[in-house]
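A.B. asks:
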Amino acid sequence: MATNSPIEWTEATWNPVAGCTILSPGCTNCYAMRLARRLEAMGQPKYAGTTRVTGGRAKWNGKIVLDDAALNIPLKWKTPKIIFVNSMSDLFHENVPLEFIGKVFDVMQRARHHTFQILTKRAERLASVANQIPWPNNVWMGVSVENNEYTDRIDHLRSTPAFIKFLSLEPLLGPLENLNLEGIDWAIAGGESGPAARPMDPDWVRSIRDQCVDAGVAFHFKQWGGVQKKQTGRVLDGRTWDELPTAKASAILA
Numbered sequence: 002m003a004t005n006s007p008i009e010w011t012e013a014t015w016n017p018v019a020g021c022t023i024l025s026p027g028c029t030n031c032y033a034m035r036l037a038r039r040l041e042a043m044g045q046p047k048y049a050g051t052t053r054v055t056g057g058r059a060k061w062n063g064k065i066v067l068d069d070a071a072l073n074i075p076l077k078w079k080t081p082k083i084i085f086v087n088s089m090s091d092l093f094h095e096n097v098p099l100e101f102i103g104k105v106f107d108v109m110q111r112a113r114h115h116t117f118q119i120l121t122k123r124a125e126r127l128a129s130v131a132n133q134i135p136w137p138n139n140v141w142m143g144v145s146v147e148n149n150e151y152t153d154r155i156d157h158l159r160s161t162p163a164f165i166k167f168l169s170l171e172p173l174l175g176p177l178e179n180l181n182l183e184g185i186d187w188a189i190a191g192g193e194s195g196p197a198a199r200p201m202d203p204d205w206v207r208s209i210r211d212q213c214v215d216a217g218v219a220f221h222f223k224q225w226g227g228v229q230k231k232q233t234g235r236v237l238d239g240r241t242w243d244e245l246p247t248a249k250a251s252a253i254l255a
């Protein structure tokens with residue numbers, strides 16, 4: 002578990018589940034597949050057998066590992082943190098039992114001093130089970146949308162009882178015009194990074210930013226991406242965008 006996450010919009014990661022399955026184009030170059038392969042090579046049994054190598058690259062093979070021993074880790078962190086849940090998997094993967102999802106939510110409900118961020122591409126399953134799990138206000142729920150073919154995930158997110166709802170528009174693989182941002186509190190946009198990174202048009206980002214500004218939705222621009230993301234940086238039109246839905250969250254948690 003990382004307590005100093007390099008992900009720009011969170012502070013720590015917590016992975017009670019490991020392993021996943023490629024679902025849509027945004028998964029093609031997923032960093033977690035490469036990292037899982039490295040962690041297995043370093044002797045971490047949690048990631049053993051979760052990937053296969055094809056075409057010289059690690060890819061998820063569908064094996065899911067439920068790590069009961071990791072469930073209570075956030076309860077041991079006494080200093081409040083913003084925690085990304087399952088950076089190495091998808092909590093709403095079809096092979097993660099509802100009972101285990103409930104255990105994860107129970108921990109988040111008890112660890113009220115933390116803020117938890119969950120992100121899924123499996124928005125249909127999220128919507129189908131949302132009324133069967135508790136939704137404490139310290140849980141932020143998000144969906145990934147990489148291009149126009151997957152904007153229906155936003156509607157599924159909107160149907161849930163989550164108090165803070167957010168979008169991860171990353172890796173951004175196409176324009177997202179006329180987004181319905183009703184009920185959405187936060188949007189993250191960013192280009193793909195790492196080997197074989199696909200290009201992103203700057204105007205795609207500008208459009209999302211402008212839509213968020215017009216709708217009063219907090220906007221975070223993560224990165225331009227590319228093979229060397231540190232070189233391309235994250236400045237958009239002369240400034241960085243690091244907004245968080247903190248005003249709404251603070252009001253309910255106060």
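Plus 1 on top of the position in the sequence shown (first one is 1) and you've got my numbering.
Using N, Cα and C, we set each Cβ at its ideal position, and we do this for glycine too.
Among the candidates Ile23, Val18 and Pro203, whose CA atom is the shortest distance from the CA of Ile102?
C.D. replies: Val18
A.B. asks: I need the boundaries of the alpha helix (DSSP H) containing Gly191, first residue and last residue.
C.D. replies: Where Gly191 is concerned, there is no enclosing alpha helix (DSSP H), although the beta strand (DSSP E) it sits in stretches over Trp187 to Gly191.
A.B. asks: Can you say whether Met43 is buried or exposed, counting buried as having 16 or more other CB atoms within 10 angstroms of its CB?
C.D. replies: exposed
A.B. asks: Using a Cβ distance threshold of 8 Å, determine whether the stretch 120–131 contacts the stretch 161–181, with at least three qualifying pairs required.
C.D. replies: yes
A.B. asks: Quick check on DSSP: helix, strand or coil for Ala221?
C.D. replies: In the sequence on display, residue 221 carries His and not Ala. Looking at His221 - three-state DSSP - the assignment turns out to be strand.
A.B. asks: State yes or no: is the C-beta of Gly27 within less than 8 Å of the C-beta of Ser145?
C.D. replies: In contact: Gly27 and Ser145 (Cβ atoms closer than 8 Å).
A.B. asks: My output table needs one value for Leu254: the three-state DSSP class, helix, strand or coil.
C.D. replies: The predicted model places Leu254 with a pLDDT of 46, which falls under 50 and marks its position as unreliable, so this point remains unresolved.
A.B. asks: Nearest by alpha-carbon distance to Pro137: which of His115, Asn148, Arg154 and Asp153 is it?
C.D. replies: His115
A.B. asks: Using only alpha-carbon positions, find the residue among Leu182, Cys31, Ile23 and Ser88 that is nearest to Asn16.
C.D. replies: Looking at the Cα atoms, Ser88 is the closest of the given residues.
A.B. asks: Under 8 Å by Cβ, that's how I've got Phe117 and Val97 pegged, so tell me the actual separation to the nearest angstrom.
C.D. replies: That belief does not hold up - the Cβ atoms of Phe117 and Val97 are roughly 16 Å apart, past 8 Å.
A.B. asks: Is it buried or exposed for Pro75, if we count other Cβ within 10 angstroms and need 16 for buried?
C.D. replies: The residue is buried, with at least 16 neighbouring Cβ atoms inside 10 Å.
A.B. asks: Taking the straight line between their C-alpha atoms, what separation do you get for Leu40 and Thr14?
C.D. replies: 15 Å
A.B. asks: Can the beta-carbon of Ile185 be found less than 8 Å from the beta-carbon of Phe85?
C.D. replies: No, the pair does not count as a contact, with Cβ atoms beyond the cut-off.
A.B. asks: According to DSSP, is Arg240 helix, strand or coil?
C.D. replies: strand
A.B. asks: In three-state DSSP terms, what is Ile83?
C.D. replies: strand
A.B. asks: Going straight from the alpha carbon of Ser125 to that of Arg154, what length do you get?
C.D. replies: The question names Ser, yet the displayed sequence has Glu at residue 125. Their Cα atoms are separated by approximately 7 Å.
A.B. asks: Rounded C-beta distance between Thr22 and Trp61? I'm assuming under 8 Å.
C.D. replies: 5 Å
A.B. asks: So, are the CB atoms of Pro172 and Glu147 less than 8 Å apart?
C.D. replies: Contact flag set, yes.
A.B. asks: Between Gly195 and Asp107, what straight-line distance do the alpha-carbon atoms span, to the nearest angstrom?
C.D. replies: Rounded to whole angstroms, the gap between the alpha carbons of Gly195 and Asp107 is 35 Å.
A.B. asks: What's the call for Asp202, buried or exposed, on a 16-neighbour Cβ count within 10 Å?
C.D. replies: exposed
A.B. asks: Which value, in whole angstroms, describes the spacing of the CA atoms of Gln45 and Tyr32?
C.D. replies: 17 Å
A.B. asks: DSSP three-state call for Ser129: helix, strand or coil?
C.D. replies: Helix at Ser129.
A.B. asks: Runs of 4 residues minimum, wholly inside the stretch 112–165: which ones carry the alpha helix (DSSP H) assignment?
C.D. replies: 124–130 and 153–159
A.B. asks: Which residue comes first and which comes last in the alpha helix (DSSP H) that contains Ala33?
C.D. replies: Tyr32 to Ala42
A.B. asks: Helix, strand or coil for Leu180? Go by DSSP, reduced to three states.
C.D. replies: coil
A.B. asks: Can we count Cys213 as close to the ligand SAH, meaning its CB is less than 7 Å from some heavy atom?
C.D. replies: Ligands in the displayed structure: none, and consequently the ligand SAH is not present.
A.B. asks: Express the C-alpha separation of Leu72 and Gln224 in angstroms, rounding to a whole number.
C.D. replies: Distance between the alpha carbons of Gln224 and Leu72 is about 31 Å.
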